[in-house]
Amino acid sequence: MPGLEDLYREIILDHYRTPRNRGELPPPAAHAVGHNPLCGDEIDVYLQVDGDTITDVKVGGQGCSISQSSASMMSQAVKGRSVTEVRALVRRFKGMMSIEEELPEGERAPEVEVKLGDLEALQGVVKFPVRIKCATLAWNTLIEALAEATSA
Amino acid sequence: MPGLEDLYREIILDHYRTPRNRGELPPPAAHAVGHNPLCGDEIDVYLQVDGDTITDVKVGGQGCSISQSSASMMSQAVKGRSVTEVRALVRRFKGMMSIEEELPEGERAPEVEVKLGDLEALQGVVKFPVRIKCATLAWNTLIEALAEATSA
Amino acid sequence: MTLDVASIQAQFPLLQRKINGQRLVYLDSANTSQKPRVVIDAMTNFMETSYAPINRSAYQLAAEATEAFEHARKAVRRFINAPHADDVIFTKNATEGLNLVAYSWGRANLRAGDVVVLTQMEHHANIVPWHMLAAERGIELRWVPLTNDGQLDLTNLSSLLDGAKAFAFTAMSNVLGTITPVRQLCDAAHAAGALAIVDACQYVPHNVTDVQAWDADFVAFSSHKMCGPSGIGVLWGRQALLEGMPPFLGGGNMIADVRMDGFAPAELPAKFEAGTPPITEAIGLHAAIDFLEDLGMANVRRHEMEIATYAMDTLNERYGDDICLHGPTNVEVRGATFSFGFRNIHPHDLSQVLDQRNVCLRAGHHCVKPLMRLLNVNATARASFYLYNDQHDVDALADALDGASDIFGL
Amino acid sequence: MTLDVASIQAQFPLLQRKINGQRLVYLDSANTSQKPRVVIDAMTNFMETSYAPINRSAYQLAAEATEAFEHARKAVRRFINAPHADDVIFTKNATEGLNLVAYSWGRANLRAGDVVVLTQMEHHANIVPWHMLAAERGIELRWVPLTNDGQLDLTNLSSLLDGAKAFAFTAMSNVLGTITPVRQLCDAAHAAGALAIVDACQYVPHNVTDVQAWDADFVAFSSHKMCGPSGIGVLWGRQALLEGMPPFLGGGNMIADVRMDGFAPAELPAKFEAGTPPITEAIGLHAAIDFLEDLGMANVRRHEMEIATYAMDTLNERYGDDICLHGPTNVEVRGATFSFGFRNIHPHDLSQVLDQRNVCLRAGHHCVKPLMRLLNVNATARASFYLYNDQHDVDALADALDGASDIFGL
Ligand SMILES: Cc1ncc(COP(=O)(O)O)c(C=O)c1O
Ligand SMILES: Cc1ncc(COP(=O)(O)O)c(C=O)c1O
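As they're listed, the protein sequences go chains A, B, C and D. So for the first sequence, this note's numbering puts the first residue at 14; every next one is plus one. So for the second sequence, this note's numbering puts the first residue at 14; every next one is plus one. So for the third sequence, this note's numbering puts the first residue at 7; every next one is plus one. So for the fourth sequence, this note's numbering puts the first residue at 7; every next one is plus one.
Structure follows, in structure tokens:
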């Protein structure tokens, strides 16, 4: 069994103690809520998309250190990025969590270079399969908010 | 495991090959149908009750040697008997099959002397628990027919 | 023979049992199959070292158990070539699977006058749920008739399917042994705009199963007939359908959220798996699938065609008109399950006498009473052969039949 | 202590497991319990020597298996002091039992505007089936509130029950550990003309159960929480009620007759046991009941009161305000299940850190989200003690909590 130091890296605990971009955005910002049915955690993602750019993002809700720090780092990583870049980032992050994203028949993922940066600290989570859902909660909620923002 | 000779006594096979009181009785005779859900056997019992006496009985349907011979012997045993005697007979027969009849709260079985006669040949069935349902099928159907006859 | 039956038998502890010094001739696998050592050991071992809650707790032991449970689901997916593991729902048996479809899909989609088509060889598990819906909703049931040799008579299939919402049929009859043309039936259902619901209870244990090649919409089967434990079954469904359906049983695990004023269901497969699942049983089913895959399902099928051929030849040769074997004679369209009548001896008596020689077979209506009425019998005797049976077992049956005549003096 | 825990532990193979050289401290029995050797052996032995179909075939092996299965039913009857064995229905788990009541009794008896009363400490298994009925039928749900120390607040019970058709409540909360006054609640239900439906999932494993002394109408519980196997549960019901109810799942075994135009259900218990039942699992449950009866359920209860007292004393002494134990403090009205908060550490993180010391407990909403909202938390950590736990396990938990603070630097 891997040690806890693989999971609770300093940077993760830092984001947990001091979450970035916490708060809400008023409409017309997109908003989605994600539940982790396993542990009851909830995350709110608010997304302001102007043209192709995510100009602002806020995170609400509560959860464990992994889900909260993942949400916090996610908010930093997507702010100011283009929608295409963010989608690529989601794929990369999920890949790191060893989740294969299924693409609609025939479609291929566009080749966009994105760096995970701080988010790499979360790769220890993959050794604790139960916590993968904690780490991906914010990201799944992000996808929903993105869908809302781009469909409007 | 008990031998088959305990089950297939000569008298049983005789009733199976040459069933007594086969046929139907027209209304107003009482009529009940019994199913053995296990094997699909069906038995029809027709009962003519005049006053307190079972003046006629007929048996229809089809089934295995045990259910058919039990029905045949049952028909012989109840014909001409009083309803009270027949109820006692049912209890004795079920007792032989090690089935405890449940009486309504507070009620006691009336003490009526009845002999099983030929029916004793069926006691070997008790060693083959699966066949008990075959042996009692006709009797359960008799009770239903009796209920119909005495409620009218 | 294709399979090395002696070595297979040696892997089934129960088949080693002797009663009155005689070996057991188990010919009731269409009812329920025996369990190989590897399945029993997998369950024992799991309970001794790895048993823990599924999907609920975060500690290592529970994470391992959850992973083992989900591996079982993946093994099922692979075994029936389902597109996604999440569409494999663990039920308690095939019956629950078919009821789930009738309750959840049926109640959400069927109204008075809607038509569901069944066949005249369906098991009660694929009849009664529809009867219940008919009584409750006033749907109409239509029945595909049978040919004289016990196959589906498809002459009027398209008019039967005309306007139907669902076609629910067995992939193999548990009485006649008939294997139905599943792909063709699914295509016909779809051409009529109906869903294809396949009762694969008697098929999956004996054949290579490919739900995508079938193009089926729902497929139900039970673990206990395929060398796996009792207490678990599978319903596979097309993802879009499962996602569109309301939940069936409500409770833990199947929810995303519960409030005092309502609830939101979880994603697949949890949505249809309320409460604590059959945990140890899933581990056992996985072991059974591994066991079957090691033998190779194509080999199992070939073996059973050999046994079926040998059984028909032997019984017909020895008993001619005294024996009446129901179902098709062509082994291409039948499995090794034989219902039969023998010299007017009631099946119940027959089975009793055969049991005296340790030949175990079922006598009764086999949960297909409508078909029994068609065959104009109350009951049949049924010998069903599986991967651990061989010619000796056929011979033992044939020998034991001899003895049956004596006692009834026929 | 009342029980000789060392010798009991020795009978549970999994509890012998060492991870990283440390023994396992299993505190998740309210989720699912571990299995003693006798249960594992009974199942193994049955599969090796006696496995056969139930209720369907006539040969000796099948007759023996059927008898063993029915003996298990009789053991359950005795264990809960039910009046008749035939009213003991084997389900797949407690969840199915509660759904059976909601689907069969509920759909036959409840109309728009009818009232069902629940409590605010119900498990999702005793909420969601009623939510589904509420959405489908427009019945009204009312909720018995809780007192500050996590007991039922019965102040307004009779007005809540006024006009109600059913009162469905837990005999013991899986989160708070609260034991409810079941007899009093049944009486109150009956006085209002309502049925009393008892979720006894957390009660039967830990206490002497007497459904007649309760005067309950329905009682549901699961084998896997009482040292028995997964894949089987029990619904007991009052005979007259069960007899009056329509069937739930349709299929084999539950019918007296099936025709192409309808069916007639079988007698109890078969009527509610469609399809092949959990055969081996019933044998395992029987062994679990024998095991529990040997220990004596009154002793189990006494032992758990001792453990509960010791746990409250130890944790409060060592951690004071840093730990928040939910539920009653009086061991007369609680079992040995404790939900708690610790120093603002999220339960999920807490459980992860405790797991590092092999202390296995559950973190989450425990399938009682409405109660979580009341407690104003998303999740709690929960330590649940059973007959194989003793003071050392309490101490191990307390020690491990120490380590949790370090990592989060709190
Ligand atoms: C109080 C209570 N009711 C019902 C259930 C449901 O039991 P199961 O999951 O075995 O169906 C549980 C256990 O999870 C429980 O604790
Ligand atoms: C064709 C068929 N369908 C359905 C079933 C029901 O399976 P189970 O009893 O395992 O639910 C059976 C077995 O009895 C069967 O043979």
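Every residue, glycine too, gets a C-beta built ideally from N, C-alpha and C.
Quiz prompt | Neighbourhood of Asp57(B) by C-beta, 6 Å cutoff - its chain only, sequence neighbours within 5 removed | solution = Val46, Gly73, Gly74
Self-check item: Bridge partner(s) assigned by DSSP for Thr32(D)
Solution: It should be noted that the sequence gives Tyr, not Thr, for residue 32(D). Partner(s): Cys366(D).
Quiz item: What separation, rounded to the nearest whole angstrom, lies between the Cα atoms of Gly108(B) and His371(C)?
Solution: 29 Å
Exercise. Flag Phe414(D) as yes if its beta-carbon sits less than 8 Å from any beta-carbon of chain A, otherwise no.
Key: yes
Quiz item: Given a threshold of 16 other Cβ atoms within 10 Å of its Cβ, counted over all protein chains shown, does Met14(B) qualify as buried or as exposed?
Solution: Any reading at Met14(B) must be qualified, since the residue scores a pLDDT of 43, below 50, and its modelled position is unreliable; no value is offered.
Practice problem: Measure the C-alpha to C-alpha separation of Gly237(C) and Ala101(B) and round it to an integer number of angstroms. | Solution: 43 Å
Quiz item: Which residues in chain D sit within 7 Å of Gln75(A), going by Cβ to Cβ distance?
Solution: Asn384
Exercise. With 8 Å as the threshold, decide whether the Cβ of Trp111(D) is near any Cβ in chain B.
Key: no
Quiz item: Taking 7 Å as the line, does the beta carbon of Asn153(B) fall inside it for any heavy atom of ligand 1?
Solution: no
Quiz item: Can Gly257(D) be considered in contact with ligand 2, in the sense that its beta carbon sits closer than 7 Å to one or more heavy atoms?
Solution: yes
Quiz prompt | Coarse secondary structure for Ala270(C), derived from DSSP in three states | solution = strand
Quiz item: Can you tell me whether Asn395(D) is buried or exposed, with buried defined as 16 or more other CB within 10 angstroms of its CB?
Solution: buried
Quiz item: Looking at the structure shown, is Met7(D) part of a helix, part of a strand, or coil, going by DSSP?
Solution: coil
Quiz item: DSSP beta-bridge partners for Glu55(A)?
Solution: His48(A), Gln75(A)
Quiz item: In angstroms, rounded to a whole number, what distance separates the CA positions of Gly156(C) and Ile329(C)?
Solution: 16 Å
Quiz prompt | Status (buried if at least 16 other CB within 10 Å, exposed otherwise) for Arg84(D) | solution = exposed
Quiz item: Cys373(D) touches chain C at which residues, Cβ-Cβ below 7 Å?
Solution: Gly258
Quiz item: In terms of residues, what are the limits of the beta strand (DSSP E) holding Asp155(D)?
Solution: Asp155(D) -> no beta strand (DSSP E), and no H or E assigned at all.
Self-check item: CB contact flag (Val264(D), Ile86(D), <8 Å)
Solution: no
Exercise. Just mark Lys128(B) as buried or exposed, buried being the case when its beta carbon has 16 or more other beta carbons within 10 Å.
Key: exposed
Quiz item: Within the chosen definition, does the stretch 204-216 of chain D reach the stretch 360-368 of chain D through at least 3 CB pairs nearer than 8 Å?
Solution: no
Exercise. Spell out whether any CB of chain D is found under 8 Å from the CB atom of Gln40(C).
Key: yes
Quiz item: Should Glu102(D) be labelled buried (16 or more other beta-carbon atoms within 10 Å of its own) or exposed?
Solution: buried
Practice problem: May I ask you to check if the CB of Ser390(C) is nearer than 7 Å to at least one heavy atom of ligand 3? | Solution: Among the ligands present in this structure, namely ligand 1 and ligand 2, ligand 3 is not found.
Self-check item: beta strand (DSSP E) runs contained entirely in the stretch 83-150 of chain D, provided each spans 3 or more residues
Solution: 94-97, 121-125, 146-150
Self-check item: Cutoff 8 Å: His129(C) Cβ touching any chain B Cβ
Solution: no
Quiz item: Along the stretch 128-155 of chain B, what residues have a CB closer than 8 Å to any CB found in chain D?
Solution: Phe141, Pro142, Val143, Arg144
Self-check item: Residue range of the unbroken alpha helix (DSSP H) whose run includes Ser164(A)
Solution: 142-164
Practice problem: With 8 Å as the threshold, decide whether the Cβ of Ile46(C) is near any Cβ in chain A. | Solution: no
Exercise. Taking all protein chains shown into account, decide if Pro41(A) is buried (16 or more other Cβ within 10 angstroms of its Cβ) or exposed.
Key: exposed
Practice problem: Could you work out which residues of chain A lie near Asp263(C), taking near to mean beta carbons separated by less than 8 Å? | Solution: His48, Pro50
Quiz item: Is any beta-carbon of chain D found at less than 8 Å from that of Glu23(A)?
Solution: no
Quiz item: Is there a Cβ from chain A that is less than 8 Å from the Cβ of Leu147(C)?
Solution: no
Self-check item: Touch test, the stretch 343-355 of chain C against the stretch 191-207 of chain C, Cβ-Cβ under 8 Å, three pairs minimum
Solution: no
Practice problem: Under 8 Å by Cβ, that's how I've got Gly258(C) and Ala288(C) pegged, so tell me the actual separation to the nearest angstrom. | Solution: Contact doesn't hold; Cβ gap of about 17 Å is too wide.
Practice problem: Show which residues of chain C have a CB atom less than 8 Å away from the CB atom of Ile238(D). | Solution: Gly237
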